[in-house]
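Residues 1 to 237 (the working numbering) are what the sequence shown spells out, left to right.
Think of the CB as a built atom: it goes at the ideal place given N, C-alpha and C, for glycine as much as any other residue.
As the structure is a prediction and not an experimental result, all values here were calculated from the model.
Step one of this worksheet: look at the structure below.
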Amino acid sequence: MQTTTVIGAEPAAPHDPGTRRRVLQLVASSGPVSVAELSDELELTAAGLRRHLTELEQTGQIAVHAAPGPGATRRGRPARRYVVTSQGQAALSHRYAQIAVEALQFLGADAGSAAVERFAEARAGEFEAHLVPAVAAAGDDLERRAAAVAQVLSADGYAATARPVPGTSVVQLCQGHCPVQEVATAFPQLCEAETRALSRVLGVHVQRLATLAGGGHVCTTSIPPTRPTPSSEGQTR
């Protein structure tokens with residue numbers, strides 16, 4: 001017997017966790033994001049997508065962003081734009097965060113806070129070395145270098161994007177997910193060391209405007225329009 005396929009139809013959200021996880025990941029990387037934007041990216045019908053969004057909102061994994069988004073200036077009711085909550089971030093994480101926190105707590109108690117700092121710097125050095133080849137291959141253009149960082153981070157699970165700030169020469173690096181968020185919340189030295197590593201890789205003094213560990217819905221790093229120095233390409237710690 002021949003079956004008929006309805007294009008664009010999806011099963012109810014509770015029975016399709018794979019698609020729902022894709023929705024959650026995209027909200028993490030692109031949020032604040034609207035239903036229309038998600039629908040275009042995921043090639044889902046708006047009705048089907050809303051079932052997934054409703055399920056994610058009811059389980060506390062996403063929330064409506066309070067501030068207006070770039071498309072909210074049109075007349076009429078502004079579009080709802082979604083961001084991932086801390087509960088959604090936890091759902092995306094596959095790390096044994098609590099064990100890592102306990103290990104660092106033990107390290108700090110046994111060897112002192114300087115040992116935790118050294119660990120953070122060592123981890124940042126590996127993070128830096130991981131980024132250097134892609135950034136060097138991107139050339140001197142800062143926007144391309146930031147995009148290269150975002151591409152590497154996304155491959156590592158950070159749901160990262162690099163976006164020029166409209167009307168300026170500044171680029172913002174946004175990380176919608178942090179695999180070590182719970183650990184970084186307990187030990188902000190990790191975020192601080194990572195920020196210094198980004199400065200070294202990009203050859204400019206970057207500034208963290210918000211972090212997931214600090215309660216933001218995304219990690220946002222401001223990258224000013226300064227030409228990278230040649231020595232930054234191979235400088236690792």
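A contact between stretches requires three or more CB pairs, one per stretch, nearer than 8 Å, and the segment 178-195 meets this requirement with the segment 207-216.
The residue from F106, R123, D40, V33 with its alpha-carbon nearest to that of R81 is V33. Using a C-beta cut-off of 8 Å, the segment 94-113 makes no contact with the segment 192-212, since fewer than three inter-stretch Cβ pairs fall below that distance. As the crow flies, the alpha-carbon of A90 is around 13 Å from that of G157. Here T161 carries a strand assignment [DSSP, helix/strand/coil].
Linking C219 to D110 through their CA atoms gives a straight-line distance of about 31 Å. Contact between the segment 128-145 and the segment 201-208 is established, with three or more Cβ pairs separated by less than 8 Å.
Counting only residues of its own chain and dropping the five nearest sequence neighbours on each side, V206 has a CB closer than 7 Å to the CB of T195, L198, S199, T221, S222, I223. Inclusion of G88 and Q61 in the CB contact set at 8 Å is warranted, their separation being smaller than that value. Within the DSSP secondary-structure output, Q172 pairs in a beta bridge with R163, S222. Counting along the chain, Q89 sits inside the alpha helix (DSSP H) bounded by residues 86-92. A residue is called buried once 16 or more other Cβ atoms fall within 10 Å of its Cβ, and A122, having fewer, is exposed. V64 is bridged by DSSP to Y82.
Taking C-beta atoms as the reference points, A162 and V171 count as a pair closer than 8 Å.
Looking only at T226, E102, R50, the smallest Cα-Cα distance to A79 is reached by R50. For the pair D141 and T59, the Cα-to-Cα distance works out to about 42 Å.
Under DSSP, V33 shares a beta bridge with Y82.
Between G176 and S29, the beta carbon gap of about 4 Å places them in contact (Cβ cut-off 8 Å).
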